[in-house]
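Trainee: One structure coming up, written as structure tokens, with questions to follow.
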Amino acid sequence: MAVAGEPGPERTAFRRRLTVVSGPSGVGKSSVVSALRRLKPEIFFSVSVTTRSPRLGEVDGEHYHFVDRATFDKLVEAGELLEHAEFAGNCYGTPREPVERALAEGRPAVLEIELQGARQVRAAMPDARLVMLMPPSWDELVGRLTGRGTEHEAAVRARLAEAERELAAAGEFDARVVNADVREAAERLLDLMDQDF
1 MAVAGEPGPE RTAFRRRLTV VSGPSGVGKS SVVSALRRLK PEIFFSVSVT
51 TRSPRLGEVD GEHYHFVDRA TFDKLVEAGE LLEHAEFAGN CYGTPREPVE
101 RALAEGRPAV LEIELQGARQ VRAAMPDARL VMLMPPSWDE LVGRLTGRGT
151 EHEAAVRARL AEAERELAAA GEFDARVVNA DVREAAERLL DLMDQDF
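Counting from 1, one number per residue, gives the positions in the sequence shown under this note's numbering.
Now the structure itself:
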């Protein structure tokens with residue numbers, strides 16, 4: 001196996017598997033998945049649906065599909081979401097059809113979702129590999145969340161409480177990857193995607 005950060009042997013094909021990347025807010029899920037996308041663009045990367053407002057620089061259809069609550073509720077009722085969860089007053093979900101289509105075409109797929117959603121995917125697709133992205137330390141995670149400056153103090157406290165709960169569930173996951181360096185974490189995730197359980 002290649003050492004993280006060093007070029008490994010050329011991968012000609014990946015197993016047709018769904019990989020779920022989860023972890024607490026602030027751990028760097030989006031950054032690691034973006035790095036993974038640059039390393040292996042042929043992997044299918046699901047774009048979640050959310051009712052939250054876009055953050056600065058986020059593009060509809062690229063970072064998320066931004067919808068209102070009524071539209072989100074209709075997607076849930078129609079069974080069009082593989083998983084869905086609500087956190088801090090906002091809803092998040094994964095459109096089912098694009099994921100199933102990618103897997104049917106033989107492409108590996110990656111979801112970037114929260115703990116509640118990861119548990120739903122495990123129930124719906126037992127063959128999925130669940131990977132928990134971990135912070136280098138609790139203090140580092142606290143620094144990342146408080147340094148964002150995008151949320152009120154109460155929202156940050158809620159995210160920290162949720163982060164504690166999510167990290168406590170790391171044992172439910174098939175693998176854990178520490179995100180001390182985004183590129184190395186992405187390389188490690190890429191290696192995991194090509195391994196048997």
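Backbone N, C-alpha and C fix where the C-beta goes; we use that ideal spot for every residue, glycine too.
Hey, could you find the ends of the alpha helix (DSSP H) Ala51 is sitting in?
Mentor: Translated into positions along the sequence shown, residue 51 becomes position 51. Before going on, a small fix: residue 51 reads as Thr here, not Ala. Run containing Thr51: none; DSSP gives neither H nor E here.
Trainee: What do you reckon, are the CB atoms on Leu145 and Asp174 nearer than 8 Å?
Mentor: Counting from 1 along the sequence shown, the entry for residue 145 is found at position 145. Counting from 1 along the sequence shown, the entry for residue 174 is found at position 174. Against a cut-off of 8 Å, the Cβ pair of Asp174 and Leu145 comes out as no contact.
Trainee: Rank Gly89, Ala169, Leu189 by C-alpha distance to the C-alpha of Ala154 and give the top, closest one.
Mentor: For the purposes of this step, residue 154 is identified with residue 154 of the sequence shown, where counting begins at 1. Taking only the C-alpha atoms, the option nearest Ala154 is Gly89.
Trainee: If you scan the region 93-154 from start to end, which runs of the beta strand (DSSP E) of 3 or more residues do you find wholly inside it?
Mentor: List check, beta strand (DSSP E) in window: 109-112, 129-134.
Trainee: In the DSSP assignment, find the unbroken alpha helix (DSSP H) run with Arg69 in it and report its ends.
Mentor: What you label residue 69 is simply residue 69 of the sequence shown in a count that begins at 1. Here the alpha helix (DSSP H) through Arg69 covers 69-77.
Trainee: Indicate whether Pro108 and Val49 have their beta-carbon atoms separated by less than 8 Å.
Mentor: Reading the sequence shown from its first residue, position 108 is the one you call residue 108. Reading the sequence shown from its first residue, position 49 is the one you call residue 49. Cβ atoms of Pro108 and Val49: not closer than 8 Å.
Trainee: For the pair the region 17-33 and the region 106-126, tell me if three or more CB-CB distances fall below 8 Å.
Mentor: Enough Cβ pairs lie closer than 8 Å, so yes.
Trainee: Three Cβ pairs or more, each shorter than 8 Å: is that satisfied between the region 33-43 and the region 185-193?
Mentor: The region 33-43, when compared against the region 185-193, does touch it at the 8 Å Cβ threshold.
Trainee: Val27 and Phe45: beta carbons closer than 8 Å?
Mentor: Your numbering for residue 27 matches position 27 in the sequence shown. Your numbering for residue 45 matches position 45 in the sequence shown. No, they are not a contact pair.
Trainee: Taking DSSP as the reference, what is the three-state secondary structure of Leu189?
Mentor: Here residue 189 corresponds to residue number 189 of the sequence shown, with the count starting at 1. Looking at Leu189 - three-state DSSP - the assignment turns out to be helix.
Trainee: State the Cα-Cα distance for the pair His63 and Ala123, rounded to the nearest angstrom.
Mentor: For the purposes of this step, residue 63 is taken as residue 63 along the sequence shown, with counting starting at 1. For the purposes of this step, residue 123 is taken as residue 123 along the sequence shown, with counting starting at 1. So the two alpha carbons sit approximately 26 Å from each other.
Trainee: Measure the alpha-carbon distance for Val178 versus Val76 and round it to whole angstroms.
Mentor: Stepping through the sequence shown from its first residue, residue 178 is reached at position 178. Stepping through the sequence shown from its first residue, residue 76 is reached at position 76. When rounded, the distance between both Cα atoms is 33 Å.
Trainee: Ordered along the chain, which non-local residues of its own chain (more than five positions away) have a Cβ less than 7 Å from that of Leu160?
Mentor: Locating residue 160 in the sequence shown gives position 160, where the first residue counts as 1. So the list reads Val142, Leu145, once near-sequence residues are dropped.
Trainee: I'd like to check one pair, Gly117 with His65: are the Cβ atoms closer than 8 Å?
Mentor: For the purposes of this step, residue 65 is taken as the residue at position 65 of the sequence shown. For the purposes of this step, residue 117 is taken as the residue at position 117 of the sequence shown. Against a cut-off of 8 Å, the Cβ pair of Gly117 and His65 comes out as no contact.
Trainee: Residues in the same chain with beta-carbon distance under 8 Å from Arg16, minus the five sequence neighbours each way, listed in chain order, please.
Mentor: Taking the sequence shown and counting its residues from 1, the one referred to as residue 16 is at position 16. Taken in chain order, the residues that qualify are Leu103, Gly106, Arg107, Pro108.
Trainee: Which of the three DSSP states, helix, strand or coil, is assigned to Ala169?
Mentor: As a working mapping, residue 169 is identified with position 169 in the sequence shown. Note: Ala169 maps to coil in three-state DSSP.
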